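Undergrad: Chains as they are written, first to last, in this note's numbering: chain A, 90 to 178; chain B, 9 to 369.
The beta-carbon is built from N, C-alpha and C at its ideal position, and this holds for glycine as well.
Predicted model only: the values in this text are computed from it and were never measured.
One structure follows; several queries about it will come next.
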Ligand code: SF4
């Protein structure tokens with residue numbers, strides 16, 4: 090139950106269901122109705138972490154690569170060029 | 009999938025493993041707090057990538073596992089009532105109470121339903137005014153904002169047929185209890201990235217300082233965990249004990265303020281019983297007095313039900329990191345995921361179930 094997974098907001102319906110901010114979020118092929126009340130800044134196209142039907146954070150695109158930059162700074166760069174997350178969809 | 013697959017890259021994992029080998033000069037024991045991390049560690053065999061002497065200890069971070077038997081017995085008593093529709097996350101259905109589990113009660117005819125979100129239970133209550141809808145609210149700080157919103161919505165909608173059986177737990181008091189135990193072997197912590205996504209990182213500074221342990225807020229994918237480990241081990245090797253954040257893409261130092269506001273509106277901090285660890289002061293959430301009307305324990309008067317844990321199950325020592333699942337005589341024989349004796353075998357995030365599933369050979 091603790092699972093929280095990233096998904097992409099595909100639509101936002103402000104004020105639908107009596108003022109609660111809701112939206113549709115895509116997880117790979119599946120799309121779900123998710124409460125966006127806790128991520129007021131997130132818009133269509135943003136990635137959010139979703140837990141039990143609620144988005145709990147908007148993922149920061151700039152920080153998304155730090156796992157690789159940290160590794161690169163350790164000196165062992167390897168094949169990192171091929172792993173640019175910006176190229177993935 | 010974006011934000012998932014890139015963090016499972018094998019070449020980078022191997023590079024991290026190499027960097028960790030280069031770094032480490034002494035044995036260290038690092039505890040990962042969260043069951044989601046335990047699951048990833050066992051599933052991807054991360055322990056096998058680490059140099060000898062670096063040991064991962066699986067912490068108490070599975071809310072299903074730490075929910076005490078007596079709460080389950082209360083849940084069973086409420087769920088068996090004819091007027092009740094009992095809603096729960098799927099993981100809780102097979103957690104054994106003293107005599108039964110929710111799945112058995114359901115097969116005996118009780119109206120027990122698995123829901124994806126607590127909001128589904130609120131919706132059920134709205135649609136079925138003749139039923140008493142009860143939601144089983146377990147979880148850490150990550151789940152509290154969702155459950156708080158469900159109560160808040162029920163209140164807004166004036167639903168008097170909705171209530172919650174709350175057994176929420178908080179992570180920092182459990183870390184404090186673990187570190188205060190003189191038997192503890194833990195040198196450093198990977199803190200749970202999604203708990204901190206909600207709560208921020210400020211609660212961990214005083215713990216790192218007082219117990220002189222590095223605490224690194226860490227994500228859930230293999231590369232996140234390897235980087236978090238590198239950061240903890242680097243601090244240990246350099247004699248530092250600070251709070252650092254590996255999971256920058258989701259965790260801000262202040263956490264998620266709107267979520268925190270909703271949690272403190274609906275819940276208050278209470279002492280809580282932890283399976284395996286006993287009672288820890290100020291380690292849980294209960295409904296705040298203003299929302300007592302939504303408390304299923306009061307509504308159905310099940311507060312007097314109490315129960316003890318199974319004597320065969322060593323889940324307490326497993327949760328404290330003193331023993332591994334395979335040290336338990338019942339592991340894989342009398343206790344399996346199909347017939348679990350203790351909660352860590354039931355939940356897919358429990359240490360015993362993770363070992364059983366991925367490490368049988
Ligand atoms: S194997 Fe079963 S009985 Fe042993 S500690 Fe794990 S859950 Fe308890």
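From the DSSP secondary-structure annotation, give me the bridge partner or partners of residue 199 (chain B).
TA: Paired residues: B:225.
Undergrad: In whole angstroms, what separates the C-alpha of residue 257 (chain B) from that of residue 204 (chain B)?
TA: Cα-Cα distance, rounded: 12 Å.
Undergrad: Output the distance between the C-alpha atoms of residue 25 (chain B) and residue 55 (chain B), rounded to the nearest integer angstrom.
TA: Answer to the nearest angstrom: the Cα atoms are 10 Å apart.
Undergrad: Less than 8 Å separating the beta-carbons of residue 225 (chain B) and residue 259 (chain B)?
TA: Yes, the Cβ-Cβ distance between residue 225 (chain B) and residue 259 (chain B) is below 8 Å.
Undergrad: Relative to the ligand SF4, is the shortest distance from any of its heavy atoms to the C-beta of residue 326 (chain B) smaller than 7 Å?
TA: Flag set: Cβ of residue 326 (chain B) near the ligand SF4.
Undergrad: For residue 169 (chain A), collect the residues of the same chain with a Cβ closer than 8 Å to its Cβ; drop the 5 residues on either side in sequence, then sort them by chain order.
TA: Its pLDDT being 44, under 50, residue 169 (chain A) is placed unreliably by the model, and nothing is read from it.
Undergrad: By DSSP's criteria, residue 40 (chain B) is part of a beta bridge. Which residues make up the other side?
TA: B:66, B:198.
Undergrad: Use the C-beta contact count for residue 284 (chain B): other C-beta atoms within 10 angstroms, 16 or more gives buried, fewer gives exposed.
TA: Its Cβ being crowded by 16 or more others within 10 Å, residue 284 (chain B) is buried.
Undergrad: Would a check of beta-carbon distances place residue 125 (chain A) closer than 8 Å to chain B?
TA: Cβ-Cβ to chain B under 8 Å: no for residue 125 (chain A).
Undergrad: CB of residue 320 (chain B) to nearest heavy atom of the ligand SF4: below 7 Å?
TA: Residue 320 (chain B): yes, Cβ under 7 Å from the ligand SF4.
Undergrad: For a cutoff of 8 Å on Cβ pairs, would you count residue 124 (chain B) as touching chain A?
TA: It does: the Cβ of residue 124 (chain B) has a partner Cβ on chain A nearer than 8 Å.
Undergrad: Tell me the residue span of the alpha helix (DSSP H) that contains residue 155 (chain B).
TA: First-last of the alpha helix (DSSP H) with residue 155 (chain B): 152-164.
Undergrad: Where residue 174 (chain A) and residue 12 (chain B) are concerned, what is the direct C-alpha to C-alpha distance, given to the nearest angstrom?
TA: Confidence at residue 174 (chain A) is low in this model, with a pLDDT of 41, below 50, so the placement of that residue is unreliable and no value is reported for it.
Undergrad: In the DSSP assignment, the alpha helix (DSSP H) including residue 108 (chain B) goes from what residue to what residue?
TA: Where residue 108 (chain B) is concerned, there is no enclosing alpha helix (DSSP H), given that its DSSP letter is neither H nor E.
Undergrad: Taking Cβ positions only, does residue 66 (chain B) come closer than 8 Å to chain A?
TA: No, its Cβ sits nowhere closer than 8 Å to a Cβ of chain A.
Undergrad: Are the CB atoms of residue 81 (chain B) and residue 223 (chain B) nearer to each other than 8 Å?
TA: Not in contact: residue 81 (chain B) and residue 223 (chain B) (Cβ atoms no closer than 8 Å).
Undergrad: Residue 87 (chain B) and residue 110 (chain B) - do their beta-carbons sit closer together than 8 Å?
TA: A contact, by the Cβ cut-off of 8 Å.
Undergrad: Under a three-way DSSP split, which group does residue 165 (chain A) fall into?
TA: With a pLDDT of 48 at residue 165 (chain A), under the threshold of 50, the modelled position of that residue is not reliable, and the figure given next carries that caveat. Coil at residue 165 (chain A), not helix or strand.
Undergrad: Could you give the distance in angstroms between the alpha-carbon of residue 42 (chain B) and the alpha-carbon of residue 147 (chain B)?
TA: Each residue's Cα considered, the two are about 11 Å apart.
Undergrad: For the segment 138-156 of chain A, which residues have a beta carbon sitting closer than 7 Å to at least one beta carbon of chain B?
TA: Cβ contacts with chain B come from 138, 140, 141, 142, 143, 145, 146, 148, 149, 152, 153, 155, 156.
Undergrad: Alpha carbon to alpha carbon, what distance is there between residue 164 (chain A) and residue 102 (chain B)?
TA: Each residue's Cα considered, the two are about 48 Å apart.
Undergrad: Run through chain A and tell me which residues come within less than 9 Å of residue 38 (chain B), C-beta to C-beta.
TA: Result: empty, since nearest Cβ-Cβ is about 17 Å, beyond 9 Å.
Undergrad: What is the DSSP secondary structure of residue 157 (chain A), reduced to helix, strand or coil?
TA: Three-state DSSP puts residue 157 (chain A) in a helix.
Undergrad: Are the C-beta atoms of residue 178 (chain A) and some chain B residue less than 8 Å apart?
TA: With a pLDDT of only 36 at residue 178 (chain A), under 50, the local geometry of the prediction cannot be trusted, and the value read off the model is given with reservation. Cβ-Cβ to chain B under 8 Å: yes for residue 178 (chain A).
Undergrad: 8 Å is my cut-off, CB to CB: does residue 112 (chain A) come that close to chain B?
TA: With 8 Å as the cut-off, residue 112 (chain A) does not count as an interface residue toward chain B.
Undergrad: Does the beta-carbon of residue 323 (chain B), which I'm using as the reference point, lie nearer than 7 Å to any heavy atom of the ligand SF4?
TA: Yes, the beta carbon of residue 323 (chain B) sits closer than 7 Å to at least one heavy atom of the ligand SF4.
Undergrad: Just to confirm my understanding: we take residue 165 (chain B), look at its own chain, exclude 5 residues before and 5 after, and list those with CB closer than 7 Å. What are they?
TA: Counting only Cβ-Cβ distances below 7 Å, and skipping sequence neighbours, we find 134.
Undergrad: Can you tell me whether residue 124 (chain B) is buried or exposed? The criterion is at least 16 other CB atoms within 10 Å of its CB, across all chains shown.
TA: Under this definition residue 124 (chain B) is an exposed residue.
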